[in-house]
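Numbering (UniProt numbering), first residue to last: 1 to 93.
Following this line, the structure appears as structure tokens:
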């Protein structure tokens, strides 16, 4: 069964997510921004969500995690919780 590890930053608006994505693309540390800005409890771990399989996250999140290239920040990904920036850190099929 497929498994992935990922980290994310959850904010309220797409504009906030785009701003943070720009900072990351300009060299800011993903984990540090997650600790500062993410509203998810995973923020204390730099946004790390650990390992999970398909169907364990909301569908919009799953779609990105199980299709995006590893190590490339994706998003904003809109879910019922807000806007996410997502980075797949590993995946096995």
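The beta-carbon is built from N, C-alpha and C at its ideal position, and this holds for glycine as well. No experiment lies behind these values; they were computed from the predicted model shown.
I'd like the list of long-range same chain contacts for residue i, defined as Cβ closer than 8 Å, with 5 residues on each side in sequence excluded.
{"i": "residue 83", "result": "10, 11, 12, 13, 14, 16, 17, 75, 76 and 77"}
{"i": "residue 70", "result": "88, 89, 90 and 91"}
{"i": "residue 23", "result": "33"}
Report back the beta-carbon spacing between residue i and residue j to the nearest angstrom; my notes put them in contact at under 8 Å.
{"i": "residue 6", "j": "residue 65", "result": "5 Å"}
{"i": "residue 47", "j": "residue 61", "result": "With 8 Å as the limit, residue 47 and residue 61 do not qualify as a contact, their Cβ atoms being about 13 Å apart."}
{"i": "residue 91", "j": "residue 53", "result": "Not quite, the Cβ-Cβ distance comes to about 11 Å (not below 8 Å), so this is no contact."}
For residue i, report the span of its alpha helix (DSSP H) as first-last.
{"i": "residue 74", "result": "Here residue 74 belongs to no alpha helix (DSSP H); instead the beta strand (DSSP E) covers 74-79."}
With a 10 Å radius around its C-beta and 16 neighbouring C-beta atoms as the bar for buried, classify residue i as buried or exposed.
{"i": "residue 25", "result": "exposed"}
{"i": "residue 38", "result": "buried"}
{"i": "residue 43", "result": "buried"}
For the beta strand (DSSP E) that contains residue i, what are its first and last residues?
{"i": "residue 52", "result": "48-52"}
{"i": "residue 6", "result": "3-11"}
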